[in-house]
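The following block contains the structure:
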């Protein structure tokens, strides 16, 4: 692998782009990143209410397109499509990563060995079920069945971000600070709210985990960068 691997970042929402660009600039500036946006993914999932065969096929086509164009690896930044991304990854030798897998690994490492309570701040309701399922599957695989994950979903924050009202987006997260007491770690569910990590970490005594940095490190490790 050269010092400048080509990677494709596949997005369902435009607001996920700045956080991953910042993480790449910080952790892997040598990577040549290309962005692929399918703005219809999230509305299609919301309308269907679940990951349909058509959505699975759509994720597969996006992955195949990225790799056919010369990318050495693919990172999805859309957190609602985990099972479809897993299926696409199984069809290719190149690494195809889900957005939150590395963050969930870090969350398990941050939790107490026995039990533990984590809280996840989400903004896209359609993503919650698949993310919780992915987390619990990882817990089961590692024998961490006593670990509890509680999700707080703030859809108004996503609407504010998509309208460019980032102050409102951030304030809606800060408004739930009192509800975060008593947890062992806080997880920021989406790339779009990862920018709050530093601010929340300064206000909380427990680790605040965000997906972009962990995902970049995981993809870099897979590609030998």
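Numbering (the working numbering), first residue to last: 118 to 342. Think of the CB as a built atom: it goes at the ideal place given N, C-alpha and C, for glycine as much as any other residue.
In terms of Cα proximity to residue 128, the closest of 216, 165, 170 is 216.
Between the beta-carbon of residue 229 and that of residue 301 there is about 6 Å, and that keeps the pair under the 8 Å contact cut. For the options 244, 260, 224, the alpha carbon positioned closest to that of residue 327 is the one of 224. In the three-state scheme derived from DSSP, where H, G and I count as helix and E and B as strand, residue 195 is classed as coil.
About 16 Å separates the beta carbon of residue 263 from that of residue 299, a gap too long to meet the 8 Å contact definition.
Taking the C-beta atoms as reference points, residue 180 is found nearer than 9 Å to residue 209. Contact check for residue 162 against residue 197 passes: the beta carbons are separated by less than 9 Å.
Bounds of the beta strand (DSSP E) holding residue 265 are 265-270. Under DSSP, residue 152 shares a beta bridge with 126.
For residue 330 against residue 140, the beta-carbon gap comes to about 5 Å, under 8 Å, which counts as contact. Between residue 270 and residue 295, the beta carbon gap of about 17 Å keeps them out of contact (Cβ cut-off 8 Å).
Contact between the region 189-203 and the region 167-177 is present: 3 or more CB-CB pairs across the two stretches fall below 8 Å.
Beta-bridge partners assigned by DSSP to residue 237: 268, 304. Its chain contains 118, 122, 124, 189, 190, 212 as the residues whose beta carbon lies nearer than 8 Å to that of residue 340, once the 5 sequence neighbours on both sides are disregarded; these appear in chain order. Residue 326 sits in a strand when the DSSP states are folded into three classes.
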